[in-house]
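Chains as they are written, first to last, in my numbering: chain R, 104 to 523; chain D, 6 to 463. All C-beta atoms in this analysis are idealised placements derived from N, C-alpha and C, irrespective of residue type, glycine included. Below is one structure, written out as structure tokens, with a few remarks after it.
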Amino acid sequence: MDILNVDYEKYKLKNGLEVILHKDDNLPLIAVNIWYKVGSANEQKGKTGMAHLFEHMMFQGSENVPKEMHFRYIQEAGGSLNGSTSFDRTNYYEKLPSNFLELALWLESDRMCFLLPALTQEKLDNQKDVVINERLERYDNQPYGLAWEIIVSNLYPAGHPYSWPTIGYVEDISSFTLEDVHSFFKKYYSPSNASLVVAGNFVESFAREKIVEYFENIPDLVRNEKINHVKVELKESKNLIREENVQLERIYFTWPTELLYGKDDAALDILADILSGSKNSRLYKNLVHEKEIAQDVSAFQFSGNAGGHFMIIATAKKGIPLEKIKDEIFMELKKIKTEGVSQHELKKTKNGSKSNFIFSLQDLDTMANQLNFYNNILGEPNSFNFDLNRYNEITNDKIVEVTGKYFDKPFIELKIIPKK
Amino acid sequence: MIKRNEKPPHSETLKFHLPQIDTFNLENGLEVFFVQKKTLPFLYMNLVVDAGSKYDPQGKKGLANLFARMADEGAAEYDSLALSDEFDIIGANFSINCNQDSIYVSLQVLQEEFERGLELFTKVILDPHLHQIDFDREKRKVSTRIMQIQDDADEIANQVFEYKIFGNLNPYAFPTIGYEKDVDIISINDIREYYKNNLMPEHSFLVVVGDYAADKLRQVLNNGFIKWKRSSISAADLSFKTSLAPGLYFVNKKDSVQSELRTGLISFKRNEYDYYARSILNTIFGGQFSSRINLNLRENKGFTYGAFSRFIYFKSSAYFYISTSVGIENTAVSINEIINEIEKIRSGITKEELEFAKSSLIRKFPANFESHRQIAANIIGQVIHSLPDNYFEKYIDEINNVTMERINKAAEDNLNPDNLITIVVGDTSKLKEQLKQFHPKVLHELDIHGNEIGELQF
């Protein structure tokens, strides 16, 4: 489809910063989006949560931007802003009226170059408290909120970069010093480890000129670090049980699978959709709609640069044994392995993907982030059609193949059950 | 050359053109608001029916939601699963949602499949099955979901807060999902009656945003909804009395590792008090990251991941509230800080704050019209709150004209600390020591529905 063929300009500054410009004149808005190639996968055991805490420190002002003013300048200009950290990367983004492009470039370049002179113990202590509260609010105090970290720490071998949660453990977060923040910055936060997307309604010559002025003099410090990771294989299945303050039992199955954009990645996405993506999907129909033994069920393929896994999660209705749900889930997987899926199921999934690609283009922030994502993973920002085609090419044979390949192997089983 | 040590200048503001809203009525009277947006080849539509949970009768709380949950469990020639499949095969997103005011039936679909999507949409509106077997299943799902609320401190806090804020004479006091014992006695006949008495064109309006020719849209909508007849049934007459019950309320959630806090008070409706002044007031107080409340509790004290405030406007009632969750040990001090901030803002805002808030709201205005959904949501708000036709045209001038005096008056009229209700959901056994400082105030203990079960004793 033509609409998914996105125009852009890409070039590199002398210091190694990659720049991608994408014009869209529909509204008087611009989006600025920076990816740094660092995430929690770059951390060490015992020092977890640094990448995410660091993201917080990036909003605490820099040499020319007093504390609280980073947010204030952007909001005063009518903009919105945020950042996020994952296993593989950290991103920072803002959306502003077009005429404030220079403001965003100034703020982003100032913290890329001059963060450390503005860093204080007081700011660090404050953000450590904030992040610990974030952890409490989003994980510890949520029903079933610790499932992910229990699973990844059991699935990935000790020391594997995905074996701890991105938010980090409280004792690690509490232990970080100013020196830790300094060395993290010097190691990862420099131009050749980043890429900058400017999307929206701007004058190209002006944007190019200002990007050079704000970014090109930032010295490059990074020596490239390659993340070492081993192929994840479980020797045998593990059964984990945890008691929590919840009403209903929930079961999680996790199989090690494929890396991001690996050859089975798209087929596993489609399989997940066929299993649980709609009311008439295999597992939803069986467990929730017909037998009513589960309140909800979901399946998804998670994939990153250093690992991937497939999860199926179901919450049992009151009084229904989890074993019964387990039997049905494995029966459905076996059925797909032996009988395959229908053309109708494949078509549903593919049509849904196509629509969702198009729906997602309406938001400039999403668009800018997607260009950065494709550029970082595939080296080509305009990969929307390529990405969609990955799904379109999947056949029944491929679904059968991946089902046989991954789901007969050992897996992690976690049960979260009500406290007695 | 650039100067690093000062904020750069901005260039001239680009002109923003408000989306043009085309309004017309279908032959059955249904009012349609259409915004033609040609940027991408898809459409979003939302049918808003004045049939939210505020109409739930006493003893049958949860009726509107249960209707919404099962309205698309089969329609015309399709059973529940087949209907869902028909939407999926054209790559459409279809959903039915319910809040206190309305039921919202929405569809997002590619332009090339719009007519098929509309056909399915109208089958749901005109010819839903409402079968016993589907009803029983959806009801069990809802009952289980209600049971799960007790796991979630955040949900408990929201539910209890609205109950206490409105008081049990006001239909907005009750959770849309209902109560377990009420849902238990709702029957399929109640659902069928609800459909018959509430789903009608004169209680509804339709918003469509997307790439489609206006005259053709009118034609396909008329064809689609032709059998949806008007009826003479008028909406139930509701009374929105509120009862004031200021105070400190606690819900015990054993083993919580944080305390969920809500503090607020009843306010004036959207269109009955100076909205623009309240909007600026809230921007300064808690409406964005660098607000007083967030800078205090997060960026200064580190008590929380975030704190915010908001005016919530329903069609016939409104309230103002502050929401945050804090570490257990900081519960009492956070309550005091929130109350101090309320008292402080009543003694006035600064000129800098006023300029900041105006600048933020005015410059953000175009970004409120970015996605199809946002445009539709703006129109829906305009209709529900009976705002003037030129509301969006005049918005920027109205914000610009707000004076310091109007904001200070709004703070005085809207944020009376004597009327505050505070809800704490947390592990009360771990809170006792710090709560002693509130003595001799009464610390009421509530169940998860907001019913008083006693007083905390020390």
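Check the Cβ of residue 126 of chain R against every Cβ in chain D and list those closer than 9 Å, keeping chain order.
The contacting residues do not exist; residue 126 of chain R stays about 13 Å from chain D at best.
Have a look at the DSSP bridge pairing and note the partners of residue 412 of chain D.
According to DSSP, which records beta bridges pairwise, residue 412 of chain D is partnered with nothing at all.
What residues in the stretch 361–385 of chain D bring their beta carbon closer than 8 Å to a beta carbon of chain R?
361, 364, 365, 366, 367, 368, 369, 370, 371, 372, 374, 375, 376 and 377
Residues in the same chain with beta-carbon distance under 6 Å from residue 128 of chain R, minus the five sequence neighbours each way, listed in chain order, please.
304
With a cut-off of 8 Å, does the C-beta of residue 315 of chain D fall near any C-beta of chain R?
no
Does the Cβ of residue 208 of chain D have 16 or more other Cβ atoms within 10 Å, making it buried, or fewer, making it exposed?
buried
At a Cβ threshold of 8 Å, is residue 262 of chain D touching chain R?
yes
Would you decide whether residue 40 of chain D is buried or exposed? Buried here means 16 or more other CB atoms lie within 10 Å of its CB.
buried
Could you work out which residue in D/372, D/369, D/151 and D/307 is closest to residue 238 of chain R when comparing CA atoms only?
D/307
For residue 17 of chain D, decide whether its Cβ has a neighbour in chain R, counting only Cβ atoms nearer than 8 Å.
yes
Would you tell me roughly how many angstroms separate the C-alpha atoms of residue 473 of chain R and residue 49 of chain D, rounded to the nearest one?
22 Å
Residue 54 of chain D bridges to which residues according to DSSP?
D/108 and D/209
How about residue 206 of chain R: is its C-beta nearer than 8 Å to some C-beta of chain D?
yes
What does the alpha-carbon distance come out to for the pair residue 78 of chain D and residue 222 of chain R?
57 Å
Give me the residue from D/434, D/184 and D/11 with the minimum Cα distance to residue 334 of chain D.
D/434
Within chain A, the residues that residue 115 of chain D reaches when beta carbons sit closer than 7 Å:
Here the protein chains are R and D, and chain A is not one of them.
Are the C-beta of residue 110 of chain R and some C-beta of chain D separated by less than 8 Å?
no
Just to confirm my understanding: we take residue 185 of chain D, look at its own chain, exclude 5 residues before and 5 after, and list those with CB closer than 8 Å. What are they?
148, 151 and 152
Inter-residue spacing [alpha-carbon to alpha-carbon] between residue 373 of chain R and residue 362 of chain D:
46 Å
Using 8 Å as the cut-off, can you tell me whether the stretch 6–23 of chain D makes contact with the stretch 353–364 of chain R, which would need three or more C-beta pairs spanning the two stretches below that distance?
no
Here's the rule I'm using: 16 or more other beta-carbon atoms within 10 Å means buried, otherwise exposed. How should residue 248 of chain D be labelled?
exposed
For residue 430 of chain D, the first and last residue of its enclosing alpha helix (DSSP H):
Run containing residue 430 of chain D: none in the alpha helix (DSSP H); it sits in the beta strand (DSSP E), 426–431.
Tell me whether the stretch 224–241 of chain R and the stretch 137–157 of chain R touch, counting them as touching only if at least three CB pairs, one residue from each stretch, are closer than 8 Å.
yes
Nearest-angstrom Cα separation, counted from residue 45 of chain D out to residue 462 of chain R
8 Å
Step through the CB atoms of chain R and report whether any lies within less than 8 Å of the CB of residue 4 of chain D.
Residue 4 of chain D cannot be examined here, being either before or after the span of chain D that is shown, 6 to 463.
Just to confirm my understanding: we take residue 333 of chain R, look at its own chain, exclude 5 residues before and 5 after, and list those with CB closer than 7 Å. What are they?
260 and 263
Check the DSSP bridge columns for residue 412 of chain R and list the partner residues they point to.
R/359 and R/405
State yes or no: is the beta carbon of residue 340 of chain R nearer than 8 Å to at least one beta carbon in chain D?
no
Taking the alpha-carbon positions, what's the residue 454 of chain R to residue 203 of chain D distance?
34 Å
Would you kindly work out how many angstroms separate the C-alpha atoms of residue 155 of chain D and residue 161 of chain D, rounded to a whole number?
7 Å
Per DSSP, residue 183 of chain R forms a beta bridge with which residues?
R/198
Who are residue 100 of chain D's beta bridge partners in DSSP?
D/111
In angstroms with no decimal places, state the Cα-to-Cα distance between residue 252 of chain D and residue 186 of chain R.
38 Å
If residue 285 of chain D and residue 51 of chain D are in contact, beta carbons under 8 Å, what's the gap, nearest whole angstrom?
So it is not a contact: roughly 29 Å between Cβ atoms.
Inter-stretch contact at 8 Å, needing at least 3 Cβ pairs: the stretch 380–397 of chain D / the stretch 254–268 of chain D:
no
Are there 16 or more other CB atoms within 10 angstroms of the CB of residue 326 of chain R, so buried, or fewer, so exposed?
exposed
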